[in-house]
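Asks: The sequence shown maps to residues 13 to 289 in our numbering. Ideal Cβ placement from N, Cα and C applies to all residues, glycine included.
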Amino acid sequence: MVNASIRQTFLDIAKNEYAVPQTVDPTKFILNSIPLLGESEGEFRERYVYGTLHRWIVSEAVDAQGLREIHLALLDDATLFSGIGEVRTESAFLRAFVVLLLVPTLYMHRKQPFLSVDEIKKTSTDLARYLREEKDHRGYVSADNWWAHGVAHAADAVGQLVQCSELHIESMTDLLEAIAQAMCPDSEVYAHEEDARMAAAVLKLFKRNVWPPEAIEHWLGLVVPKARFEGELPQVHIRFVNARNFLRCLYFQAKEEELANEQIALIEAALAAFPNR
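1. Give the C-beta separation of THR117 and ILE69 to the nearest angstrom, bearing in mind that I take them to be a contact with Cβ-Cβ under 8 Å.
2. Determine the DSSP secondary structure at SER154, reduced to helix, strand or coil.
3. Using only the alpha-carbon positions, how far apart do GLN351 and ALA155 sit?
4. Going by beta carbon distance, what residues of the same chain come within less than 7 Å of GLU229, once the five residues before and after it are set aside?
5. Evaluate the contact criterion for the region 106-116 versus the region 42-54: three or more CB pairs, one atom per stretch, below 8 Å.
6. Leaving out the 5 sequence neighbours to the left and right, which residues in its chain are closer than 8 Å to ALA85 when beta-carbon positions are compared?
7. Under the three-state reduction of DSSP, which class applies to TRP159: helix, strand or coil?
8. Let's see if you can read the secondary structure: which residues bound the alpha helix (DSSP H) around ASP89?
9. Quick one: grab the DSSP three-state call for VAL32.
10. Give me the residue from PRO225, ASP168 and VAL36 with the minimum Cα distance to ALA73.
11. Please classify PRO225 as buried or exposed, where buried requires at least 16 neighbouring CB atoms within 10 angstroms.
12. Taking the alpha helix (DSSP H) that ILE69 belongs to, which residues open and close that run?
13. Where in the region 141-228 do unbroken runs of the beta strand (DSSP E), each at least 3 residues long, occur, reported from the N-terminal end onward?
14. Taking just the CA atoms, how far does ILE181 sit from VAL111?
15. Taking just the CA atoms, how far does LEU113 sit from ARG256?
16. I need the straight-line Cα distance from SER199 to GLN247, nearest angstrom please.
17. As a quick exercise: from MET184, VAL115, ARG122 and LEU245, pick the residue whose alpha carbon is nearest that of ALA140.
18. Using a Cβ-Cβ cut-off of 6 Å (strictly less than) and excluding sequence neighbours within five positions of ILE25, which residues of its own chain qualify?
19. Let me know if LEU173 comes out buried or exposed under the rule of 16 or more other beta-carbons within 10 Å of its beta-carbon.
20. Can you tell me the Cβ-Cβ gap for ASP207 and MET195, rounded? I've got them flagged as a contact below 8 Å.
21. Flag this pair as yes or no: are the beta carbons of GLY97 and LYS27 separated by less than 7 Å?
22. Cα separation between HIS204 and ASP138?
23. Starting from ARG260, trace the alpha helix (DSSP H) in both directions and tell me its first and last residue.
24. Given that a residue counts as buried once 16 or more other Cβ atoms are within 10 Å of its Cβ, and exposed if not, what is ALA211?
25. Let me confirm a value: ASN254 is counted as buried when at least 16 other C-beta atoms fall within 10 Å, else exposed. Which label applies?
26. With a threshold of 7 Å on Cβ separation, who are the neighbours of ALA285 within its own chain once the five nearest residues in sequence on each side are excluded?
27. Could you check if PRO287 is buried or exposed, using at least 16 other CB atoms within 10 Å of its CB as the buried criterion?
Structural data, given as structure tokens:
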């Protein structure tokens, strides 16, 4: 439970239309507030803490050095990977909203770069690790807790990252393999548009036209299961449904976005390759 003074600070900021108080250093305030992204009270975490930090980052209240400090702090083991691997514990909230805060920092980097090539590569490596090791796939949790939604939030971060010009396709192999793995869990069927949001992120990479057709075909093959019912039920069925739903999202979004016919044909072929048994 957050103390009353901290809560009131955020309430006052929101009441003042999220303006940065004159006595506050926005960089230090954001860095000190990152742990509050793990608060279990959904409204406070999402509307007040995340809402404030996001707005300050995109409003250019923070200078380039401050943005870099914030971005790298989000990738720390104590933040993005705090409690990683746990299932249905409150540690999921911190991870989920830390990965979501990478969205505005990457957006600002794309507008005016402040991260080095190595730091962008580290971001890719850490997002890949997060997608592989995150086992709490809850979306909406409860009326008190609101959302976890870590995989969907990671998808939004991926969508910003793959548009960074510093990141070449050769550097994305690990991330792309992690995406394929993360979209096909066998523990539960995604129910909160995680597949649609990851498909939207991957399509941003398609649009850069830096992904060779043979590499796309190989990656799609990582998603398609080799057999319909090979393995233990219900796990094998859950994986099958998640994989098919993800590729369907990718296909229909590709059609809507009018991707190149060759790219759409590759997705169609992957869907056609889904086994019947």
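Replies: The short version:
1. Cβ-Cβ separation between THR117 and ILE69: approximately 6 Å, consistent with a contact (criterion under 8 Å).
2. The answer is strand: DSSP assigns SER154 an E or B state.
3. Past the boundaries of the shown model lies residue 351; the chain is included only from 13 to 289, so the question cannot be answered.
4. Taken in chain order, the residues that qualify are LEU278.
5. Touching, yes.
6. Excluding residues within five positions, the ones whose Cβ falls inside 8 Å are LEU43, ILE46 and THR91.
7. DSSP places TRP159 in strand when its eight states are reduced to three.
8. ASP89 -> no alpha helix (DSSP H), and no H or E assigned at all.
9. Secondary structure at VAL32: coil, using DSSP grouped into helix, strand and coil.
10. A check of alpha carbon separations from ALA73 across PRO225, ASP168 and VAL36 identifies VAL36 as the nearest.
11. Classification of PRO225: exposed, given that the 10 Å Cβ count is below 16.
12. Run containing ILE69: 63-70, per the alpha helix (DSSP H) assignment.
13. You should have 152-154.
14. Roughly 22 Å between the two C-alpha positions.
15. Those two C-alpha atoms are separated by around 29 Å.
16. If you take the alpha carbons of SER199 and GLN247, they lie about 6 Å apart.
17. In terms of Cα proximity to ALA140, the closest of MET184, VAL115, ARG122 and LEU245 is MET184.
18. Closer than 6 Å at the Cβ level, and outside the excluded window around ILE25, lie THR64.
19. By the 10 Å Cβ count, LEU173 comes out buried.
20. Yes, they are in contact, since the Cβ atoms of ASP207 and MET195 sit about 6 Å apart, within 8 Å.
21. Against a cut-off of 7 Å, the Cβ pair of LYS27 and GLY97 comes out as no contact.
22. Roughly 24 Å between the two C-alpha positions.
23. Per DSSP, ARG260 belongs to the alpha helix (DSSP H) from 247-268.
24. Around the beta-carbon of ALA211, 16 or more other beta-carbon atoms lie within 10 Å, marking it buried.
25. Counting every other CB atom within 10 Å of its CB across the protein chains shown gives ASN254 a total of 16 or more, marking it as buried.
26. Taken in chain order, the residues that qualify are VAL236.
27. PRO287 comes out exposed.
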